[in-house]
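All remarks here apply to the structure that follows.
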Amino acid sequence: MSAITNLADPMDSLQQLVIDATTEIGDAISIDQLDAIDTTLMGRGSSISEARRGLGAIKDPDERRDTGRAINDVANQIKDLVTAKRSTLVATEEAAALAADRVDVTLPGRIPPRGTHHLITQTIDEIVDIFVGLGYTMARGPEAETEFYNFTAMNIPETHPSRHESDTLYLDYGEKDGGVLLRTHTSPMQARYMEQHDPPVYVVVPGKVFRSDAVDSTHSPVFHQIEGLAVDHNITFADLKGTLATFAREFLGKDTKVKFIPHYFPFTEPSAEMHAYSNGRWIELLGCGMVNPAVFEHVGYDPSAVTGFAFGMGPERLAIIRHGITDIHGNNDLRPLLDPDQRILRQYV
Ligand code: DAH
5 MSAITNLADP MDSLQQLVID ATTEIGDAIS IDQLDAIDTT LMGRGSSISE ARRGLGAIKD
65 PDERRDTGRA INDVANQIKD LVTAKRSTLV ATEEAAALAA DRVDVTLPGR IPPRGTHHLI
125 TQTIDEIVDI FVGLGYTMAR GPEAETEFYN FTAMNIPETH PSRHESDTLY LDYGEKDGGV
185 LLRTHTSPMQ ARYMEQHDPP VYVVVPGKVF RSDAVDSTHS PVFHQIEGLA VDHNITFADL
245 KGTLATFARE FLGKDTKVKF IPHYFPFTEP SAEMHAYSNG RWIELLGCGM VNPAVFEHVG
305 YDPSAVTGFA FGMGPERLAI IRHGITDIHG NNDLRPLLDP DQRILRQYV
């Protein structure tokens, strides 16, 4: 920038100052930069203020006045240039900030990961659906159960080991005689349901059951069962076999072979286990049998008028069989199902 006082003609140097300032202001790309230019052009120590200070040295009053005017003129021009440039820069910076903050409403939304039902719930739903397809309804019952329904009504004798405190989780609730416990199976719902409904009865009851067991590959203190009960006129063991074989084929595949092996349960007579041939070996799927007339008597059904069959299965067990859930040695293991590890659970969505 030319120093006005150094030039022979101050008017010329003022003119040059305007030309230079116009370029400099025009080239500013930010408000900060413009502020700096403004200070250099107009602030203390600028050519303008220097020129103003030099006015006193001009002796001729006319010349002093003309020079003073010319300086003011230049100062005003520069001020106007800075003001105009400032509003352009403000507008540009605002537009840039808006562009940076802009929300593109046309972008696809972020889809949050969707929850799914746990494999145990999926398995229960699927099993219940199979029986609903066969004409059954679904019921649920209390997890805290009385000794009467859990044992006595199911014809489980006083001396049965499952009544023992080391096998069953008793609750400190009510009186010991006829006390309350966490149900050890869903079978008590057979009695509760029959008390509430006249025959015919076709019902499945899924739910949690509890036992005094530590967790290992086949045990857990909390697990699920699905109870089934069919009571009608002239129900036979053939109905039991047909129904449960149909279930096995629906659940494990249409060519699944099943066999029935004699067993003992207090609430059914005769009793059996149904085994299925799966992955090259026979595995136990469920317990079943013809309803013991003693159970009908407990609920007020006439054992000479109706017959029925019952069954109980464990969805955890069925899930690990069907999905081949094993430990590293290839043995079925239910523990991965109890583990809230997403890497396991995500495989079954
Ligand atoms: N309640 C039996 C248990 O927990 C399972 C069971 C077996 C249920 C045979 C039944 C049945 O209804 O007929 O081991």
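Position in the sequence shown counted from 1, then plus 4, gives you my numbering. Note that beta-carbon positions come from the ideal geometry of N, C-alpha and C, so glycine has one too.
| Check | Outcome |
| --- | --- |
| Residues near F315 by beta carbon distance below 7 Å, same chain, minus five either side | G232, L248, L290, G291 and C292 |
| Counted within 10 angstroms of its Cβ, other Cβ atoms place I23 as buried (16 or more) or exposed | exposed |
| Reference N296, options I239, K63 and E288, closest by Cα | I239 |
| Chain-order list of residues whose beta-carbon lies under 7 Å from that of F227 (same chain, five-residue window excluded) | V213, G318 and E320 |
| Own chain partners of H164 with C-beta closer than 8 Å, once the 5 adjacent residues on each side are dropped | F155 and P270 |
| Reduced DSSP category for H122 - H, G, I as helix; E, B as strand; rest coil | coil |
| With 16 other Cβ atoms within 10 Å as the buried cut-off, status of Q229 | buried |
| Spatial distance of E282 from G145 (CA atoms) | The question names Glu, but residue 282 is Ser in the sequence shown. Computed Cα separation, rounded: 32 Å. |
| T250 Cβ short of 7 Å to ligand 3 heavy atom set | With respect to ligand 3, the structure offers nothing, as its ligand set consists of ligand 1. |
| Beta-carbon spacing of M198, V205 below 8 Å | yes |
| Three-state secondary structure (DSSP) of R285 | strand |
| Contacts around T71, its chain only, beta-carbon distance under 7 Å, and the 5 residues preceding and following it disregarded | P14, L59 and I62 |
| Any 3 or more C-beta pairs closer than 8 Å across the segment 101–118 and the segment 65–82 | no |
| Within 8 Å, strictly: CB atoms of A242 and A280 | no |
| Status (buried if at least 16 other CB within 10 Å, exposed otherwise) for P344 | exposed |
| Proximity test, T141 beta-carbon vs ligand 1 heavy atom, cut-off 7 Å | no |
| A7, buried or exposed, once every other Cβ within 10 Å from all chains shown has been counted against 16 | Confidence at A7 is low in this model, with a pLDDT of 46, below 50, so the placement of that residue is unreliable and no value is reported for it. |
| Bridge partners - K263, DSSP secondary structure assignment | H279 |
| Cross-strand partners of I41 (DSSP beta bridge) | None, per the DSSP bridge assignment. |
| Contacting residues, own chain, Cβ-Cβ under 7 Å from L341 (five flanking each side not counted) | L123, I124, E320, A323, I324 and I329 |
| Assumed close pair V353, T120 - CB separation to whole angstroms, cut-off 8 Å | 4 Å |
| Helix, strand or coil at F251 according to DSSP, with G and I counted as helix | helix |
| Given 8 Å, three or more beta-carbon pairs between the segment 330–337 and the segment 258–277 | no |
| Sequence ranges, alpha helix (DSSP H) only - wholly within the segment 117–161, length at least 4 | 123–137 and 151–154 |
| Straight-line Cα distance separating D108 from Q20 | 49 Å |
| Residue of A143, Q194 and Q126 minimising C-alpha distance to L349 | Q126 |
| Contact set for G312: own chain, Cβ-Cβ below 6 Å, skip 5 residues either direction | A234, V235, I239 and V295 |
| Cβ shell of M142 (< 6 Å), same chain only, five flanking positions each side left out | V132 and V208 |
| Identity of the residue in F135, E254, P274 and P203 nearest H237 by Cα | P203 |
| Delimiting residues of the alpha helix (DSSP H) encompassing Y197 | P192 to Q200 |
| Contact test: S216 Cβ vs ligand 1 heavy atom, cutoff 7 Å | no |
| Bridge partner(s) assigned by DSSP for H228 | K212 |
| Buried/exposed call for H223, threshold 16 Cβ in 10 Å | exposed |
| Outcome for P225 when other beta-carbon atoms lying within 10 angstroms are tallied against a minimum of 16 | exposed |
| Y177 classed as buried or exposed, judged by whether at least 16 other C-beta atoms fall within 10 angstroms | exposed |
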